[in-house]
Amino acid sequence: MMKLAIISGTTAPGGGPRHIYSLLEQMDRKEWDIMVCTHKDGSYWDKWVALGIKPYDLVLRRLSLSTFFKLFKILRIEKPDLIHTHGKGPGLYGRVLGWMLGIPVVHTFHGFQYKLLPFFNRLVYLIVENFLTLLTRHHIFVGNGEKEKAKVLRFLNDSNSSVINNGIDLDAIQRLVPADEEFASLGLGEDIKVFGTLSRVSPEKGLMTLLEGFAEAKKIFPKIGLIIIGDCPDEHEEYINATQRFIHENGLEGAVKILGSREDAIEVLKCVDFYVSSSTSEGLPYNLLEALAIGKPVVATDIPGNNDIIRKSVEGVLVPANSPKCLAHGVLTLLELGPEEKKTMEKNGILRIRDQFSLNLMTEKTFSLYKKVVGKTG
Numbered sequence: 188m189m190k191l192a193i194i195s196g197t198t199a200p201g202g203g204p205r206h207i208y209s210l211l212e213q214m215d216r217k218e219w220d221i222m223v224c225t226h227k228d229g230s231y232w233d234k235w236v237a238l239g240i241k242p243y244d245l246v247l248r249r250l251s252l253s254t255f256f257k258l259f260k261i262l263r264i265e266k267p268d269l270i271h272t273h274g275k276g277p278g279l280y281g282r283v284l285g286w287m288l289g290i291p292v293v294h295t296f297h298g299f300q301y302k303l304l305p306f307f308n309r310l311v312y313l314i315v316e317n318f319l320t321l322l323t324r325h326h327i328f329v330g331n332g333e334k335e336k337a338k339v340l341r342f343l344n345d346s347n348s349s350v351i352n353n354g355i356d357l358d359a360i361q362r363l364v365p366a367d368e369e370f371a372s373l374g375l376g377e378d379i380k381v382f383g384t385l386s387r388v389s390p391e392k393g394l395m396t397l398l399e400g401f402a403e404a405k406k407i408f409p410k411i412g413l414i415i416i417g418d419c420p421d422e423h424e425e426y427i428n429a430t431q432r433f434i435h436e437n438g439l440e441g442a443v444k445i446l447g448s449r450e451d452a453i454e455v456l457k458c459v460d461f462y463v464s465s466s467t468s469e470g471l472p473y474n475l476l477e478a479l480a481i482g483k484p485v486v487a488t489d490i491p492g493n494n495d496i497i498r499k500s501v502e503g504v505l506v507p508a509n510s511p512k513c514l515a516h517g518v519l520t521l522l523e524l525g526p527e528e529k530k531t532m533e534k535n536g537i538l539r540i541r542d543q544f545s546l547n548l549m550t551e552k553t554f555s556l557y558k559k560v561v562g563k564t565g
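Note that the working numbering numbers the sequence shown so that position 19 is 206, with each residue one more than the last.
What follows is the structure, encoded as structure tokens:
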């Protein structure tokens, strides 16, 4: 039996923890003994424990000598055969300690967003990441767009990196029953074309752009509604208040519903007509995969991650980021689809998931890589 140590920064709802949970759920426990070092700050902690995973609670998104030595002690006692790190902070700790302890490390980038950093921070990040590349046995990118951006890393190449797309269980999602009663209780009205989005309320998700674009589209096509499902993090209170002010000042209370985080998010989204994503940066977003899996044509910003999934005029519409006018145009484009055009987009989306973004494909490629890295491939 081989032992795997997963090092991650959070257990709060999001793409990274969701990705890890999918891997843990599919792993052969007769073949792998698994431990996780992460922060107990969200619902995925209990989900991982329910799978029989041994967790250690550490704050890994901030640099701390105390945390470094705690993690060093844990890894020295546990003696894993392989370390898999996820994200910036955990990647720094795990890759340095893996090198010190002689343990091979696989690192997954869940978004390579250095261009958004101030100049000095960007310079430091790239220097550190170039150094860490030398300590990493293999790098995983969750989408082609992320790997393209990471070509600035001097020591990254095709032999020490690969793209393994995020994947979802299409059949399980399609078996979910639409939450018709809950959807009706929102009171959006009859004959309304409803757009939905699954997104936390934070600046990088571009929700102010979405609201402004929606308001513009509503002037031309009044019978539209919007539901936003996702966390409202305390650290983004000012941004959350700004979105609520915009809704109130523009008289959109009856047309826009912010529902917060919900366990039945997909069931509710099954009741909408279209899906919209206004993000300014992504890794490879699960929300778009789920939107296609439930047969929703999509309008999404044309950014890496989104455009790895959505092909223009095939599964939906791509528009420039940070442009309310362009987003409004994308919304109106979907509203103008005829029944057959809409049905074709729905079918294209489902086929896209089945062929390129299945859970089985993601897990098989990841587990095969694990065995290759620890030298047990046959």
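Beta carbons: idealized from backbone N, C-alpha and C, even for Gly.
Whose C-alpha, out of the options, is nearest the C-alpha of residue i?
{"i": "I346", "options": "I327, G562, N494, I416", "result": "Here residue 346 is Ser; the residue named in the question, Ile, does not match the sequence. Here the closest residue by C-alpha is I327."}
{"i": "D240", "options": "L211, K336, I407", "result": "Before going on, a small fix: residue 240 reads as Ile here, not Asp. Comparing Cα positions, the closest option is L211."}
{"i": "G274", "options": "T520, V292, I194, S348", "result": "I194"}
{"i": "R585", "options": "P277, L548, I207", "result": "Because the chain spans 188 through 565 in this model, residue 585 falls outside it and cannot be assessed."}
{"i": "V518", "options": "K530, F382, Y426, T531", "result": "F382"}
{"i": "K512", "options": "I314, L398, R216", "result": "L398"}
{"i": "E551", "options": "E528, P204, S209, G203", "result": "S209"}
{"i": "F461", "options": "P526, V388, R309, F307", "result": "P526"}
{"i": "L538", "options": "Q361, V311, T295", "result": "Q361"}
{"i": "R387", "options": "K530, T254, S251, T430", "result": "T430"}
{"i": "K558", "options": "D358, L548, E218, H206", "result": "E218"}
{"i": "K380", "options": "F401, E424, I540, I351", "result": "F401"}
{"i": "L303", "options": "H325, L313, Y426", "result": "L313"}
{"i": "L514", "options": "T396, I540, R216", "result": "T396"}
{"i": "F408", "options": "K444, L522, S555, N344", "result": "L522"}
{"i": "P242", "options": "I207, D215, S251", "result": "I207"}
{"i": "A570", "options": "D489, K530, H325", "result": "Given that the chain is displayed from residue 188 to residue 565, the structure contains no residue 570 and the question cannot be resolved."}
Please work out which residues of its chain come closer than 7 angstroms, Cβ to Cβ, to residue i, disregarding the five sequence neighbours upstream and downstream, and give them in chain order.
{"i": "E316", "result": "L340"}
{"i": "D378", "result": "K410"}
{"i": "W286", "result": "L322"}
{"i": "L475", "result": "S464, V485, A487, N493, I496, I497"}
{"i": "G565", "result": "Note that G565 has pLDDT 44, beneath the 50 cutoff, so the model's placement of it is unreliable and no number is given."}
{"i": "D367", "result": "C458"}
{"i": "Y301", "result": "R309, Y312, L313"}
{"i": "E440", "result": "I434"}
{"i": "I355", "result": "Y473, L476, E477, A480, I540, F544, L546"}
Quick one: residues in its chain with C-beta nearer than 8 angstroms to the C-beta of residue i, no 5 flanking neighbours on either side, listed in chain order?
{"i": "V561", "result": "M189, D268, L269, P291"}
{"i": "G447", "result": "I416, G417, D418, C419"}
May I have the straight-line CA-CA distance separating residue i from residue j, to the nearest angstrom?
{"i": "F256", "j": "L375", "result": "54 angstroms"}
{"i": "P472", "j": "A487", "result": "11 angstroms"}
{"i": "P546", "j": "D233", "result": "Going by the sequence as given, residue 546 is Leu instead of Pro. Straight-line Cα distance between these residues: approximately 22 angstroms."}
{"i": "G412", "j": "A442", "result": "5 angstroms"}
{"i": "G470", "j": "P491", "result": "7 angstroms"}
{"i": "E391", "j": "T467", "result": "5 angstroms"}
{"i": "L357", "j": "S253", "result": "43 angstroms"}
{"i": "H435", "j": "A237", "result": "42 angstroms"}
{"i": "T320", "j": "N331", "result": "18 angstroms"}
{"i": "M549", "j": "N353", "result": "6 angstroms"}
{"i": "L343", "j": "G438", "result": "51 angstroms"}
{"i": "G536", "j": "Q543", "result": "11 angstroms"}
Could you name the residues of the same chain whose beta carbon sits closer than 6 angstroms to that of residue i, not counting the 5 residues immediately before and after it, in chain order?
{"i": "K457", "result": "P365, I481"}
{"i": "H271", "result": "I193, V293"}
{"i": "T295", "result": "H273, I327"}
Next on the checklist: I want to know whether the segment 447-455 touches the segment 414-426 - three or more CB-CB distances under 8 angstroms.
Outcome noted: With a cut-off of 8 angstroms on Cβ pairs, the segment 447-455 is in contact with the segment 414-426, counting three or more such pairs.
Next on the checklist: So within the segment 228-273, which uninterrupted beta strand (DSSP E) runs reach at least 3 residues, ignoring any that extend past its ends?
Outcome noted: Unbroken beta strand (DSSP E) runs of no fewer than 3 residues, entirely contained in the segment 228-273, are found at 241-244, 269-273, following chain order.
Next on the checklist: Does the segment 225-237 come into contact with the segment 194-205, if we say contact requires no fewer than three beta-carbon pairs (one atom in each stretch) closer than 8 angstroms?
Outcome noted: The count of Cβ pairs closer than 8 angstroms, one atom from the segment 225-237 and one from the segment 194-205, reaches three, so the stretches are in contact.
Checklist entry - Hey, is the segment 471-480 in contact with the segment 491-504, meaning 3+ C-beta pairs nearer than 8 angstroms? => result Short answer: they touch.
Checklist entry - At what residue ranges does the segment 295-364 contain a whole run of the alpha helix (DSSP H), taking only runs of 4 or more? => result Restricting attention to alpha helix (DSSP H) runs no shorter than 4 residues, the segment 295-364 encloses them at 306-321, 331-336, 357-362, ordered along the chain.
Checklist entry - Where in the segment 376-403 do unbroken runs of the beta strand (DSSP E), each at least 3 residues long, occur, reported from the N-terminal end onward? => result If we require 3 residues or more, the beta strand (DSSP E) runs fully inside the segment 376-403 come out as 380-385.
Checklist entry - What are the complete beta strand (DSSP E) segments, minimum 3 residues, inside the segment 401-488? => result At a cut-off of 3 residues, the continuous stretches assigned as beta strand (DSSP E) that sit fully inside the segment 401-488 are 411-416, 443-447, 461-464, 485-488.
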